[in-house]
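Have a look at the structure below before the remarks.
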Amino acid sequence: DNEDTTLYVGGSTHHEEGTWTPELYFGGAQVGLTYANRVANYTRIGNTVYVYGYIFLSAKGTSTGVVTVTGLPYIPDYNMLFPIGTSSVTITAGGQAMAFIDGLRTSIGIGEMVTGVYTQLTDTAFSGNEVIYLNFSYPT
Numbered sequence: 296d297n298e299d300t301t302l303y304v305g306g307s308t309h310h311e312e313g314t315w316t317p318e319l320y321f322g323g324a325q326v327g328l329t330y331a332n333r334v335a336n337y338t339r340i341g342n343t344v345y346v347y348g349y350i351f352l353s354a355k356g357t358s359t360g361v362v363t364v365t366g367l368p369y370i371p372d373y374n375m376l377f378p379i380g381t382s383s384v385t386i387t388a389g390g391q392a393m394a395f396i397d398g399l400r401t402s403i404g405i406g407e408m409v410t411g412v413y414t415q416l417t418d419t420a421f422s423g424n425e426v427i428y429l430n431f432s433y434p435t
């Protein structure tokens, strides 16, 4: 992690860059889950955090339930929905993969938006070898 406070025109703004470790859970557990790779970075400028990276599963394991990712570098101020990218995750036709940022927690719900309705995904959308791409920002 690198931390730098830089003076900008009009005052000082906190600037920090670093890494974070995303953890994927099914129903709050990770029994048998393994990663092929995980890369996650963040940049904080003032009260805004920009996160980017990916989670590449090699095995889903046997845990069941809703899909969450934990480990955000800072606690968000409030709930938000953002589109995310996925590869090989089962999404309803016409749907968009989404991240639900739970305000006041460092966790993200992984779901889908279909005809304006958000539903959190479960383990049944995964079989192993999926990728979740994270690229969004949130206020702290």
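Residue numbers (the working numbering): 296 to 435. Positions of the beta carbon are idealized from the N, C-alpha and C atoms, including for glycine.
Proximity to S382 [Cα-Cα], best of Q391, Y369 and E312: Ranked by how close their Cα comes to the Cα of S382, the residues Q391, Y369 and E312 have Q391 in first place.
Note down the Cα distance separating L266 from I370, rounded to an integer number of angstroms. The structure shown does not extend to residue 266, since the chain is modelled only from 296 to 435, so the question has no answer here.
Report all residues from its chain with a CB closer than 6 Å to the CB of V364; omit the five preceding and five following residues, and keep chain order. Taken in chain order, the residues that qualify are P317, L319 and I403.
How should P368 be labelled, buried or exposed, when 16 other C-beta atoms within 10 angstroms of its C-beta is the threshold for buried? That one is buried.
Enumerate in chain order the residues of its own chain whose CB-to-CB distance from T435 is below 8 Å, with the five nearest sequence positions on each side excluded. Excluding positions up to five away in sequence, the list reads R339, N342, T343, V344, Y369, I370, P371 and D372.
Could you check which residue in Y347, N332, A335 and G356 has the C-alpha nearest to that of A420? Minimum Cα-Cα distance from A420 among the listed residues Y347, N332, A335 and G356 corresponds to G356.
Opposite F431 in the DSSP bridges: which residues? In DSSP, F431 forms a bridge with V346.
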